Structure formats: structure tokens, C-alpha cells
Amino acid sequence: MTSPRILVLENHEFACNVLVRMLHRLSVRDVLQAADAEQAMVQMHLRGGVDIVICDLTDRGLDCLEFLRVASQSGMVRAVLLCSELPPELSRTLGQMASLAGLQLLGVLNRPVQLRSLNRLLYRYKRVRVSPVLAPLSKELPGEDEVRRGLALGEFRAWFQPQFQLQGGAVIGVEALARWQHPARGTLLPCDFLAAVLAYDLTDQMFKQLLEQGLNLLGILRHRGVTLQLAFNLHASQLMDSALVEHIKLALERHGFKGAVLMLELAENGLLDCPPGTQENLLRLRLLGCGLSIDDFGVGFSSLKLMCQLPFTQIKLDGRFVQHLDRQRNRAMVSSTRALARSLGMDLVIEGVSGPKVLERLRELECELGQGYYLARPMTGHDLLQWLEKPEGGR
């Protein structure tokens, strides 16, 4: 029977090497390795998926449950094998579960991992598997030369989604979102190309082009007497050295703007175990006057200590928490996050405002800022300029 393709998701190098060596001893040759969820998704996209993921459910720096949920929905994983030191009640619970996050749960390995136990749990997958390893995804990643050509020809464009005051309806800013105006495939969304941009280490190059486009747009609005804040997504890894911060500083100076026109959003999960160099560069951005936002808040494992240590000015609550505000738990999440933001002197932006009922309930909960398709969809810079000229900002 064909050996399974296995991904080892482990951010401790020694533990990862031990697992990989054991798998090789068990004649598993097709082994991928990743230190975080983002790297794991890139690896799986490039290889067309895996049979089994081995990960540590208790590692706070990985958020394995969220990764497994996303990987399961994408169809790139079939089974999961946990390698964790768990308290007795969790071991009992998981021992009775046949699946986790929609994936076949093979079992839990205790540390230190025993070769015989690993082989026994892998055999559970071999016994039930009836089809071969996942075929490569039909939607293959664009090649590196294709992405570099697109960047060189200016095919990557910033689209802009307005952000609003929920109570009064005023437009207070826009979030810049990447689109690829592909000459053969039309307008591509990040799900079609972002994994490739990350894999080929071209994230900074794309960001710099989008930043230039965004600052040009702000320049046009300045001449019209319109002031908006411009939000961009960054990954914490982009701030491991000061090169990108220096580029942002020089770009602001060249366009004649102060740092306050920019809001830089960093995903919550990327901030765990934030190294000193990244913390210093976050501080540099704040000293420039730039706002800093914790994006996708509520999806990962936040800590109050982390939020108090890092100089963030805004929280963006993930949109999934506002889709069912008739549920007490979701209302509690919104209310508690609002209270947390206020106590820390931070703004709260609600993502995913998808309809009139959602908007009404958010107003009842006294939420102040938000964005979503019901309020305004992402649009090109040209369309945004026209939209802003219409009565009530195009709404």
C-alpha cells in the first residue's frame, strides 16, 4: 500500500526532527515540515495536499484547531494525529472522538514519542484509507516567474473597502486589499495567489506597490479636501528587521503625509511569541504616528499581557462573531471585546457587517466602527473616488 504523505506541524526544531526521523524509520518518505500555520498552508498548496497532519494541540503559538478547521474545509488534509501532553480529562475526551475539525482523528501520542505507538496510530489510517493520496489541487499556484512578471508589470492592484462609523454612517477610512489583474484569468482574489506570494518571499514587494497606490489615492483625496485613514495588512514576520519600516517612513515623506494616515493590521496569531526585533519595529511604526491594529481578533489565543506590552491602537473583531448575534455567546464576545478595547484606550472595528439586522444589533451593543459587504464592497481606486462623490458616500 502506498505510504501516506504526512505534514509535521511543529515550531520546536528538535521535536520536529525527532518526528521526521521516526517517520523515515517507518518507511514514510513523503514528509513535509512547517513551523507555523501559514507555512503549512503554503507547503500543502504547493504539494497538492497531505494525508495526515501531526501537530501539538497544546502549543499556544500554533492554534492547531483553527489550522485544522481551515485545512479541512480546503480539502487538503484527511486525518490528524495529535502529539501532545494532555491533562487526563482531555485525553479521555479525545480518546472517544473519531474526528476532529472534520478530520479523522487517529489518536494522541504522548511525549516522548515512542516509535511503536506512532506506527500503531499510523496503521489506523492505512486500514481505512480506500483512495490514494490527494491529487494536486485543480487550482494550481501560479509559478514564481508568473508572479514576478505580474509584479514587474504592475498587475497587482489595491482595491479599497470603506470603513464606517456605525452610528452616524460617516466614512472614516478604507482598507487596502490586494487584487491581481491577470491578463489571462481576469481579476484574482488573494485566495488565488497569496500563498504563492508568500512561498516565493515576495510579500514585501507586493506591499510596497500597494502602499504606493494607496498613498497616491490619498494624495488625490487631499486635493479634494477629503481625509481618510488607509489600512494595510502586514504579517509580523515582515517586521523582523527594520527595512520595511524605513521604506514606509520614506514613502510617507515622499508623499508629504504623516504616519497617522496609515493603520497597519497584523493578524492576532502572528503576534504570539513576538521576538524583540519585531516589537521594536512595532514601536518604530507607532513613533512614526502609524496606527497598529490586531486583525482577526478572537480567532487565536490572545493574552492581556501581550496586548498591554505591544503598542496597538485598534482591535478588529473577526466577522464570524457577528453573524449570529441572537446567540448569547456571540453577543458576549462583542460586548466583552468592546469593553476590553475601551479599557485599553483602543478603537474597536467590527468586520463582516453583512446585513441590516447585523448592523442594527451592533448599534444596540454601542459598537462604533465597522466594515462589511452590506455597508460597502471592495472597489478600485477609481470607483472609490466616484463612490465618495455620491450622496452619503454612495450608500
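Here the sequence shown is numbered in the UniProt record's numbering, starting from 1 and rising by one per residue.
Where a beta carbon is used, it is the ideal one built from N, C-alpha and C, also for glycine.
In this text the structure is predicted, and so the values were computed from the model without any measurement.
Endpoints, the beta strand (DSSP E) within which residue i is located
i	result
Ser293	Gly291 to Phe297
residue 397	What is shown of the chain runs 1 to 395, which leaves residue 397 out entirely.
His182	Val171 to His182
residue 418	In the structure displayed, the chain extends from 1 to 395; residue 418 sits before or after that span and is not available.
Ala260	Element bounds for Ala260: n/a, residue is neither H nor E.
Leu82	Ala79 to Cys83
Cys55	Ile52 to Cys55
Phe232	Gln229 to Leu234
Which listed residue (the options) has its alpha carbon closest to that of residue i
i	options	result
Gly225	Leu266, Gly169, Ile6 and Glu389	Glu389
Gln309	Phe321, Pro275 and Arg342	Pro275
His182	His223, Arg157 and Gly173	Arg157
Gln114	Tyr373, Leu23 and Arg286	Leu23
Leu234	Leu210, Arg222 and Gly143	Leu210
Leu287	Met307, Met263 and Phe297	Met263
Arg179	Trp387, Val80 and Leu151	Leu151
Met76	Gly102, Leu177 and Asp59	Gly102
residue 480	Phe193, Val353, Leu32 and Arg284	Residue 480 cannot be examined here, being either before or after the span of the chain that is shown, 1 to 395.
Pro311	Gly298, Ala332 and Asn281	Asn281
Leu217	Gln205, Asp204, Met206 and Ala231	Ala231
Gly298	Thr313, Val322 and Leu292	Val322
Leu359	Leu385, Gly168, Thr203 and Gly214	Gly168
Glu175	Cys191, Leu215, Glu144 and Asp204	Leu215
Glu10	Thr58, Ser336, Pro4 and Asp145	Thr58
Leu385	Leu68, Arg222 and Gly95	Arg222
Leu118	Ala170, Ala71 and Arg21	Arg21
Leu285	Leu94, Lys258 and Met307	Lys258
His45	Ala332, Asp192, His12 and Asp145	Asp192
Ala341	Leu19, Pro112 and Met307	Met307
Leu202	Ile54, Val334 and Gly143	Gly143
Ile6	Ile52, Asp296, Glu253 and Ser335	Ile52
Pro4	Arg92, Asp204, Met346 and Gly49	Gly49
Met379	Leu177, Asp347, Glu253 and Arg254	Leu177
Per-residue burial, residue i [other beta carbons within 10 Å of its own, 16 or more giving buried]
i	result
Ile350	buried
Thr227	exposed
Met97	exposed
Ile294	buried
Lys357	exposed
Phe14	exposed
Arg127	At Arg127 the pLDDT is 48, less than 50, meaning the model places this residue with poor confidence; the figure from the coordinates comes in the next sentence. Exposed, since its Cβ has fewer than 16 Cβ neighbours within 10 Å.
Arg338	buried
Met1	Note that Met1 has pLDDT 49, beneath the 50 cutoff, so the model's placement of it is unreliable and no number is given.
Tyr200	buried
Cys83	buried
Ser138	Note on Ser138: pLDDT 41, under 50, position unreliable in the model; no value is reported.
Thr187	exposed
Pro136	Confidence in Pro136 is poor, its pLDDT being 42 and thus under 50, which makes the residue's placement unreliable; the coordinate value appears in the next sentence. So Pro136 counts as exposed.
Gln314	buried
Leu194	buried
Ala196	buried
Arg149	exposed
Ile220	exposed
Leu239	buried
Ser131	Legend: pLDDT at Ser131 = 40, less than 50; position of this residue unreliable, no value from coordinates given.
Ala184	exposed
Glu268	buried
Leu173	Position check: residue 173 holds Gly in this sequence, whereas Leu was assumed. Result: buried.
Gly355	exposed
Gly291	buried
Leu250	exposed
Endpoints, alpha helix (DSSP H) assigned at residue i
i	result
Gly150	Glu144 to Ala152
Val358	Pro356 to Glu364
Asn216	Thr203 to His223
Leu103	Taken as a continuous stretch (DSSP letters only), Leu103 belongs to no alpha helix (DSSP H), being part of the beta strand (DSSP E) at Leu103 to Leu109.
Phe312	Unbroken run through Phe312: none, as it is neither H nor E.
Asn281	Pro276 to Leu288
Ala251	Ala243 to His255
Phe67	Cys64 to Ser74
Ala199	Pro190 to Ala199
Cys16	Glu13 to Arg25
Val334	Gln328 to Ser343
Val42	Ala37 to Arg47
Leu388	Gly381 to Glu389
Presumed contact (8 Å Cβ cut-off) between residue i and residue j, rounded CB distance
i	j	result
Leu106	Tyr125	6 Å
Ala243	Leu266	About 17 Å; that fails the 8 Å criterion.
Leu81	Leu121	6 Å
Gln104	Ala71	So it is not a contact: roughly 13 Å between Cβ atoms.
Leu325	Arg361	4 Å
Glu85	Arg111	5 Å
Gly381	Gln213	7 Å
Any C-beta of chain D under 7 Å from that of residue i
i	result
Pro275	Chain labels in this structure do not include chain D; a single protein chain is all it has.
Exercise for the section: Assess, as a yes-or-no matter, whether the region 163-170 is touched by the region 365-381 under the definition of 3 or more beta carbon pairs within less than 8 Å. Expected result: Touching, yes, given that three or more Cβ pairs across the two stretches are closer than 8 Å.
Handout entry: Sufficient close CB pairs (3 or more, under 8 Å) joining the region 63-74 to the region 30-44
Key = yes
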